[in-house]
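Data first, discussion second: the structure below is written as structure tokens.
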């Protein structure tokens, strides 16, 4: 009889492997869960917010609003 591997293989039983990895290596398991949820969130959150009526705010100004008049006026004197 061949020896039984204590760590289950993923393709032989994926649910069993996920339970094992959540128990034995939780940091790897939850890192994969959070990483896999990124594309799902990217595809679902913006349409949901748009459907709820949320709009983006106006962009902040990148320069200081100056006066409408020029700072220096040059007078050319012809004599």
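In our numbering, the protein residues as written are 32 to 110.
Beta carbons: idealized from backbone N, C-alpha and C, even for Gly.
Asked                                                                              : Found
Three-state class that DSSP yields for residue 43 in the structure shown           : coil
Chain D within 7 Å of residue 85, Cβ atoms only                                    : Among the chains in the structure shown there is no chain D, since it carries only a single protein chain.
Minimum length 4: unbroken alpha helix (DSSP H) runs contained in the region 44-90 : 45-55 and 57-82
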